[in-house]
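Down below is the structure, laid out as structure tokens.
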Amino acid sequence: MLKRKHGSILKRHGSDKRRRGSSSSVELELLPHDVIELILERLPVESLRRFRSVSKKWISTIDSPRFQSRQLNLRRQSRGHDLLFVAYYEDPPDDVAQHALGSSSSCIYRTVKFPFPNVLLCYGSCDGLVCFFCIHTPNVVVNPATRWHRSFPFSSLQCLIIDKGPPFASGDLTYELGFGKDKLSGTYKPVWLYNSSEFGLDNVTTCEVFDFSTHSWRNLVASSPYPILRFQKPVYFDGSLYWLTDCVETKVLSFDLHTETFQVICKTPFADAPRPSNVVLFILDDCLCASEKTWPTQVIWSLDSSSKTWKQMCSIDLTNTFPLFDRCGLMPLPVAILEKNKLYLHGRNYLEPLMLHDLNTKSFEVVSTPTTPGDCIYYFESLFSV
1334 MLKRKHGSIL KRHGSDKRRR GSSSSVELEL LPHDVIELIL ERLPVESLRR FRSVSKKWIS
1394 TIDSPRFQSR QLNLRRQSRG HDLLFVAYYE DPPDDVAQHA LGSSSSCIYR TVKFPFPNVL
1454 LCYGSCDGLV CFFCIHTPNV VVNPATRWHR SFPFSSLQCL IIDKGPPFAS GDLTYELGFG
1514 KDKLSGTYKP VWLYNSSEFG LDNVTTCEVF DFSTHSWRNL VASSPYPILR FQKPVYFDGS
1574 LYWLTDCVET KVLSFDLHTE TFQVICKTPF ADAPRPSNVV LFILDDCLCA SEKTWPTQVI
1634 WSLDSSSKTW KQMCSIDLTN TFPLFDRCGL MPLPVAILEK NKLYLHGRNY LEPLMLHDLN
1694 TKSFEVVSTP TTPGDCIYYF ESLFSV
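Numbering (this note's numbering), first residue to last: 1334 to 1719.
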């Protein structure tokens, strides 16, 4: 039972009862703490942040990893993920507001901006955490729901790019940072994988892993046996990061974040040696997926995790989206599928919109057009930090 001397707010509630005749707060005070936990873990993050002020015991409960894990799992089961547009460079206009997607209103789309100069974002989110990186500023992992953040230093790759100067340090990064979680230990790991020859290094590829416990990067001795396709975001799914290889037969390469070993899991479903701008890996409907654009068609496949075989999910006629999506630019990225037939696509070129594609009627609808560059990611609110 919560003691009065540890919870001034409960004392105040007691006096409120005498003034207003309300018994709800006193009844809550008399509940066993395990019952209170069951109630709390069903609440949204914003409410839980406020309730940390109730007592030291509530702070201890809400801050415990066990509680935070249960709260996130219940959130996933109850309503699925939201979509988050992370704006770069400029503040979003004041009239940008979150709004519901789909008839069930279970998915929320909203725009956020963080006070960091980093202009690149890792793919997706991991336990409600997102990770920013850049060439010229330290990397940052952020919890958008709580605004918690932690920076971590440059990797050897970033230092190499800075030392080489233009054109390396003046344009877009050829390779992108991966961010995921060791499922067994619960450890979060940023990972760089890049082709060594471009930087005068030995081996086919070089892999760097950041350790938050030592606040330092380390190089792995055993790296990928194949070079990787450039200009691709590593995709985190179920304890591993995934890349596409750059070889005669394009393959899917996985990196187990627990064993820190690489494995080629299968070939891709599309043609050999594709253009990097025309292919992409992503997560859709809780599956690892791949897509290829061969104008005027974009095909999406999902991977069966047990048989390691691809199944075509849909084929999109992009002529209906032109000129909203650049015909010659990066292909639209599928970011979510709701109600089994509503596919959300986000343009990856400058200021391209978020669009809804109905897989049954084949129709398209503009959901939101950004006024500042950014990335759209799937996202679960959580209380987690690193």
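Quick reminder that beta carbons are idealized off the backbone N, C-alpha and C, glycines included.
Taking only the alpha-carbon atoms, compute the straight-line gap between residue i and residue j and give it to the nearest angstrom.
{"i": "N1528", "j": "L1490", "result": "11 Å"}
{"i": "Q1404", "j": "M1646", "result": "32 Å"}
{"i": "Y1712", "j": "V1537", "result": "34 Å"}
{"i": "H1482", "j": "T1694", "result": "43 Å"}
{"i": "L1687", "j": "F1603", "result": "25 Å"}
{"i": "L1517", "j": "L1621", "result": "20 Å"}
{"i": "E1379", "j": "S1386", "result": "13 Å"}
{"i": "P1667", "j": "Q1565", "result": "15 Å"}
{"i": "I1441", "j": "T1470", "result": "31 Å"}
{"i": "E1509", "j": "P1567", "result": "7 Å"}
{"i": "L1663", "j": "N1611", "result": "6 Å"}
{"i": "D1659", "j": "W1391", "result": "51 Å"}
{"i": "L1364", "j": "K1389", "result": "17 Å"}
{"i": "K1675", "j": "L1407", "result": "24 Å"}
{"i": "F1400", "j": "G1413", "result": "19 Å"}
{"i": "E1582", "j": "D1618", "result": "27 Å"}
{"i": "A1623", "j": "D1367", "result": "44 Å"}
Would residue i pass as a contact of residue j if the rule is Cβ separation under 9 Å?
{"i": "F1465", "j": "F1487", "result": "no"}
{"i": "T1507", "j": "E1531", "result": "yes"}
{"i": "A1555", "j": "F1512", "result": "no"}
{"i": "T1654", "j": "P1665", "result": "yes"}
{"i": "V1463", "j": "Y1521", "result": "no"}
{"i": "R1443", "j": "D1415", "result": "yes"}
{"i": "D1589", "j": "S1638", "result": "no"}
{"i": "V1699", "j": "L1657", "result": "yes"}
{"i": "W1643", "j": "C1599", "result": "yes"}
{"i": "P1377", "j": "C1455", "result": "no"}
{"i": "Y1559", "j": "T1539", "result": "no"}
{"i": "T1704", "j": "Y1421", "result": "no"}
{"i": "L1381", "j": "I1369", "result": "no"}
{"i": "V1452", "j": "F1418", "result": "no"}
Which word fits residue i, buried or exposed, when buried means at least 16 other C-beta atoms lie within 10 angstroms of its C-beta?
{"i": "Y1683", "result": "exposed"}
{"i": "C1608", "result": "For the sequence presented, residue 1608 should be read as Arg rather than Cys. Exposed, by the Cβ-count rule."}
{"i": "H1690", "result": "buried"}
{"i": "F1717", "result": "buried"}
{"i": "H1679", "result": "buried"}
{"i": "E1672", "result": "exposed"}
{"i": "R1345", "result": "With a pLDDT of only 40 at R1345, under 50, the local geometry of the prediction cannot be trusted, and no value is derived from it."}
{"i": "K1497", "result": "exposed"}
{"i": "E1374", "result": "buried"}
{"i": "S1648", "result": "exposed"}
{"i": "A1606", "result": "exposed"}
DSSP beta-bridge partners for residue i?
{"i": "K1584", "result": "K1600"}
{"i": "K1644", "result": "S1635"}
{"i": "L1454", "result": "F1465"}
{"i": "R1483", "result": "V1474"}
May I ask which residues mark the beginning and end of the beta strand (DSSP E) holding residue i?
{"i": "H1690", "result": "L1687 to D1691"}
{"i": "F1570", "result": "V1568 to F1570"}
{"i": "T1578", "result": "Per DSSP, T1578 belongs to no beta strand (DSSP E) and is neither H nor E."}
Since residue i is in the alpha helix (DSSP H), which residue starts that stretch and which ends it?
{"i": "T1538", "result": "Where T1538 is concerned, there is no enclosing alpha helix (DSSP H), although the beta strand (DSSP E) it sits in stretches over T1538 to D1544."}
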